[in-house]
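Working notes for the structure below.
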């Protein structure tokens, strides 16, 4: 609300587009602007850029955990949403899961079937996506002897 010009510049940045008739199964890591008009089954995370924006259009559908600084939702998400900066729930937004946010903008008509959880700056550690290095030899699936 207070930095409309700055937010508008963020939301118009587009580096990657997933088209309306595209269906992706798998995790996505991105930086910059990502717009999804199709469907994605998998986790989505922004890497390294605190200005990154995920935009989910009215036709878009996501199933998985979302961890991004900024998100604009006008489609359907099944899974938890973690936004370290700003969440915008547009009129057609439907979220089946919890929404963790620092700033929230919610339009009339948007729906959240879960909890809206405000995070302070100190609680941003929940968004850190450190991955453990797994030794392949230790991680092998071992079946019991027959």
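Numbering (my numbering), first residue to last: 136 to 281. In this text, a Cβ means the ideal position worked out from N, Cα and C, and glycines have one as well.
Cβ-Cβ separation, residue 193 to residue 168 (assumed contact under 8 Å), whole Å: Contact doesn't hold; Cβ gap of about 18 Å is too wide.
In this structure, how does DSSP classify residue 104 when only helix, strand and coil are distinguished? Outside the modelled stretch of the chain, which goes from 136 to 281, sits residue 104, for which no answer is possible.
Burial state of residue 215, where buried means 16 or more other Cβ atoms lie within 10 Å: buried
So which of 212, 176 and 228 has the shortest CA-CA distance to residue 242? 228
Cα-Cα, which of 174, 248, 179 and 188 is closest to residue 202? 179
Whole-angstrom Cβ separation of residue 199 and residue 176, contact assumed at under 8 Å? 6 Å
Can you tell me the Cα-Cα spacing of residue 162 and residue 197, whole angstroms? 11 Å
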